[in-house]
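J.: Just dropping this structure here.
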Amino acid sequence: MSLAVFNWPARRYPLSPGQRVRDLNPAAVSAGISAFIFYVTAGVPLLIAIATRLGLDGAQTSSWFFIVFFSTACISIALSLVYRQPLPINWSIPGLLYLGSLAGHFSFSEMVGANVMAGAAILVIGVLKIGPRLVAVLPLPIAMGMFAGSILGSLSGLVSATVTDLSVAGATVAGYLLGRLIGRRSVPPVAVAAVSGVLAIALTQRVASAPITLTPPVLLLPNATFSLSAFVGVSLPLVVLSLVLGNVQALGYLHAQGYRVPINVVTLVVGAQSLLNAFFGGHQAILGRSGVAILAAPDSGPVAGRYWGSIVSNVLLLPVAFAAAPLVALVPLVPASYLAVLAGLAILPSFQEAILTGFGGRLRFGATVAFLVAATPFSVGGIPSAFWSLLAGLVASHLTERAELQDVAPRPAAENFRGITSGRPRP
């Protein structure tokens, strides 16, 4: 049966434990392990690098680290078991990158408040079921242009670190290229880069010595400051990144594989998880595009059993969450160039996708304007350039690409959402 016309129902399955065990298959386990490797090698150094850029101390970073990994693991396992679909509700890499680009513009307490407001906004959108209409207002190419421009500075750090430290950073980049050359899903390039960098650090004996104690994770309730500028400049772009860059694309891929995703449930869960994360200093959740691409792929086993990949990957993430404190304590012991390059390499696929989506089809001028404005560091009225880039991109497209704007804006949002929620076969 063609996956284009098969629809795996979005309802809960009161199955016996034996039936669930029979759903387990080696291909799904392999996909789960691959997803876990990606989550750890891409997510851990990136989160720690962004927390360092924001000037957070060890306790604040540990609390952020623990809550986003722990909530990701628990909620993804529960949702995948209930609906028998690969539904990895991860913390948002695009959102994390955007927060990192705001270093110096907002205090940590303002970012905490902005994350709370973003989670509440996503929750309200889920309750009102207005996600498709909101996504239709902002075409994907313009959102991708904004995202690419916002993270351009982070990629500049990748280049500068490689040039100044060839022994470690260069070896890390060489490992990444080797991983790309291998070209196997089970061997994520960023994992090869991480191993290559560690070997280079060991060979050059550039590891500082300090005692590492296995302490339990720290959970803090940081102060939150709420302001209109933080809502406009931080919360609204975070909601856009969650809905447009994450949920829509991940839902579209799941729909293409034949799943009838419980979209309203997913949106509500993303909002609730985002609020939970924010209360402890974390950032918003998202239906992970990268995780879905690994766990729901055709080579991840039979459609009915692919949810096991999500379970396996997130079970493996639980020990990582509880190792938050010692992992954060390792940061001062390795060269800063290693973390900078590894974080940059983890960003690279997202940047490449943003460039291809923003400039590879229609609304190229609007996407270009959004990219240029977002890449320019400035603020007006305390609101950073990313927000103004969305307005500038929309105005540019309305003035010069009106026909394309009318053709592109509504259909990816409204029609795709209707197909996913109703279970009708995709045309």
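Sequential numbering from 1369 applies to the sequence shown in the numbering used here. No residue lacks a Cβ here, since even glycine has one placed at the ideal position from N, Cα and C.
According to DSSP, simplified to helix, strand and coil, what is Phe1434?
T.: helix
J.: Closer than 7 Å by C-beta to Thr1429: which residues in its own chain qualify, once you throw out the five before and the five after it? Chain order, please.
T.: Ile1416, Ala1419, Val1696
J.: Are the Cβ atoms of Phe1437 and Leu1655 separated by less than 7 Å?
T.: no
J.: Taking the beta carbon of Gly1551 as the centre, do at least 16 other beta carbons fall within 10 Å, making it buried, or is it exposed?
T.: exposed
J.: What does DSSP give as the partner residues of Asn1458 in its beta bridges?
T.: Ile1654
J.: Classify Val1702 as helix, strand or coil using the three-state DSSP reduction.
T.: Note: Val1702 maps to coil in three-state DSSP.
J.: Rounded to a whole number of angstroms, what is the C-alpha to C-alpha distance between Ser1762 and Ser1460?
T.: In the sequence as displayed, the identity of residue 1762 is Leu instead of Ser. Their backbone Cα atoms lie some 24 Å apart in a straight line.
J.: For Gly1601 and Ile1751, which I take to be in contact (beta-carbon distance under 8 Å), what is that distance rounded to the nearest angstrom?
T.: 4 Å
J.: Using DSSP bridges, identify the partner residues of Val1763.
T.: Paired residue(s): none; Val1763 is not in a bridge.
J.: Rounded to the nearest angstrom, how far is the Cβ of Leu1496 from that of Val1634, given a contact under 8 Å?
T.: About 15 Å; that fails the 8 Å criterion.
J.: With a Cβ-Cβ cutoff of 7 Å, do Ile1679 and Ser1448 count as a contact?
T.: yes
J.: Alpha helix (DSSP H) containing Arg1473: first to last residue?
T.: The sequence given here places His at residue 1473; Arg does not occur at that position. No alpha helix (DSSP H) holds His1473; DSSP gives it neither H nor E.
J.: Within a Cβ cutoff of 8 Å, which residues of the same chain sit near Gly1565, ignoring the five residues on either side of it in sequence?
T.: Val1536, Ala1537, Ala1539, Thr1540, Gly1543, Tyr1706, Val1709, Leu1710
J.: Would the stretch 1659 to 1677 count as touching the stretch 1389 to 1405 if we require 3 or more Cβ pairs under 8 Å?
T.: yes
J.: By how many angstroms is the C-alpha of Arg1548 removed from the C-alpha of Pro1557?
T.: 5 Å
J.: Contact between the stretch 1752 to 1760 and the stretch 1521 to 1534: three or more CB pairs below 8 Å?
T.: no
J.: Where do the N-terminal and C-terminal ends of the alpha helix (DSSP H) with Thr1736 fall, by residue?
T.: Following the DSSP letters along the chain, one finds Thr1736 inside the alpha helix (DSSP H) bounded by residues 1732 to 1743.
J.: According to DSSP, Pro1752 sits in a beta bridge with which residue or residues?
T.: Ser1747
J.: So does the stretch 1470 to 1490 actually touch the stretch 1635 to 1649, counting three or more Cβ pairs closer than 8 Å?
T.: yes
J.: For Ala1482 versus Ile1662, is the C-beta distance shorter than 7 Å?
T.: no
J.: Under 6 Å: does the beta carbon of Ala1529 sit that close to some heavy atom of the ligand FMN?
T.: The ligand FMN is not part of the structure shown, which contains no ligands of any sort.
J.: Taking the C-alpha atoms as reference points, what is the distance between Leu1768 and Pro1700?
T.: A small correction: the amino acid at residue 1768 is Thr; Leu does not occupy that position in the sequence shown. Their backbone Cα atoms lie some 50 Å apart in a straight line.
J.: So is Leu1589 buried or exposed if we call it buried at 16+ other beta carbons inside 10 Å?
T.: exposed
J.: Relative to the C-alpha of Leu1422, which residue among Gln1617, Gly1468, Leu1698 is closest?
T.: Gly1468
J.: Using beta-carbon positions only, say whether Leu1414 and Ala1714 come within less than 7 Å of one another.
T.: yes
J.: Can you tell me whether Asn1591 is buried or exposed? The criterion is at least 16 other CB atoms within 10 Å of its CB, across all chains shown.
T.: exposed
J.: From Gln1453 to Gly1677, what distance separates their C-alpha atoms?
T.: Cα to Cα, the separation comes out at about 10 Å.
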